[in-house]
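Under this note's numbering, the sequence shown has 34 at position 34, and the numbering climbs by one with no breaks. C-beta: ideal position from N, C-alpha, C; glycine also. Predicted model, so just to flag it, every value in this text is computed and none were measured. What follows is a set of notes on a single structure, which appears directly below.
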Amino acid sequence: MNFLMPLKIKNYNKTLLSQKVTNDFIIYEMGDKFTLNEFTDFIESAGFLGWESTEWFLSDFTISIDNNSAHASYLNIGVFIYPNPYAPEILLKENKQWLESIFVVREGEDLKIKFLQSDEIYSKVSVFKKSS
1 MNFLMPLKIK
11 NYNKTLLSQK
21 VTNDFIIYEM
31 GDKFTLNEFT
41 DFIESAGFLG
51 WESTEWFLSD
61 FTISIDNNSA
71 HASYLNIGVF
81 IYPNPYAPEI
91 LLKENKQWLE
101 SIFVVREGED
111 LKIKFLQSDE
121 IYSKVSVFKK
131 SS
């Protein structure tokens, strides 16, 4: 159950995302609270779908599980490549890190995400490539 896979620019799939979360799913991202529809509307309207690539690497898990739910906290390291908004011919590379917490519940035979909180702890932007 990888919530991030359908968020990758090359795989973006709003329908698949909706199948991985509960109807009352909430995400706290960038200091704001979003439902799934609000979050995907934000992604689509902010220009993220025009980015070159999005990659995430998860590590340092702490997990608690019972019969019907699980909670995990972990480190998320992301690398994003995207056009400079002020000079689109220049690609930027952004290295980011977040501490994240996720709550997953059983719905029938499926595990679905009910809650996700993401707190950014590091961000560095550098020039990745200039067009010739």
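- Rounded to whole angstroms, the Cβ separation of Gln117 and Glu100 is 7 Å, and the two are in contact under 8 Å.
- Using a C-beta cut-off of 8 Å, the segment 67-75 makes contact with the segment 104-122, since at least three inter-stretch Cβ pairs fall below that distance.
- Listed in chain order, the non-local C-beta contacts of Phe128 below 7 Å within the same chain comprise Ile81, Leu91, Leu92, Lys93, local neighbours out to five positions each way being set aside.
- Lys20 sits buried, since 16 or more C-beta atoms from the chains shown fall within 10 Å of its C-beta.
- Sorting Ile27, Trp56, Ala46, Trp51 by C-alpha distance to the C-alpha of Gln97 places Trp56 at the top.
- When DSSP states are grouped into helix, strand and coil, Asn37 belongs to the helix group.
- Comparing alpha carbon positions, the residue from Leu75, Leu49, Phe25 closest to Phe61 is Leu75.
- For Lys14, the enclosing alpha helix (DSSP H) stretches over residues 14-19.
- An exposed status is given to Leu16, since fewer than 16 other beta-carbon atoms sit within 10 Å of its beta-carbon.
- CA-to-CA, the gap between Lys112 and Thr22 works out to about 6 Å.
- When the Cα atoms are used, Lys114 and Val79 turn out to be separated by approximately 25 Å.
- Taking 8 Å as the upper bound for CB-CB distance, Asn95 and Lys124 are in contact here, some 5 Å apart.
- In terms of CA proximity to Trp51, Asn11 leads the group Asn11, Asp110, Tyr122.
- In terms of Cα proximity to Phe25, the closest of Asp66, Asn37, Lys14 is Asn37.
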